[in-house]
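A.B. asks:
Numbering (my numbering), first residue to last: 997 to 1075.
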């Protein structure tokens, strides 16, 4: 896969994340909790970690920030 395509997908997904940060759609939460998504994410980190370090760092930051927002929303919902 071309690195430019992956970078474009990342930029689009991060823009969606910033736009919906306060009100994440349910599909984003379900995709984040899906084990297949986690496996694909880890495989992409493994593949691009050896070839393109900036994409790897951006993907890791995106994944962690998305998880943090989802956990905050669930904690606020449970209170």
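Backbone N, C-alpha and C define an ideal beta-carbon position, used for all residues, glycine too.
If residue 1009 and residue 1058 are in contact, beta carbons under 8 angstroms, what's the gap, nearest whole angstrom?
C.D. replies: Yes, they are in contact, since the Cβ atoms of residue 1009 and residue 1058 sit about 7 angstroms apart, within 8 angstroms.
A.B. asks: Can you grab the Cα-Cα spacing for the pair residue 1040 / residue 1033, in whole Å?
C.D. replies: One C-alpha to the other measures close to 10 angstroms.
A.B. asks: Going along the chain, which residues of its own chain have a beta-carbon closer than 8 angstroms to the beta-carbon of residue 1037, five neighbours each way excluded?
C.D. replies: Cβ neighbours of residue 1037 beyond the five flanking positions: 1055, 1059.
A.B. asks: Cutting at 8 angstroms between CB atoms, please list the residues of its own chain near residue 1073, excluding the five before and the five after it.
C.D. replies: So the list is empty, once near-sequence residues are dropped.
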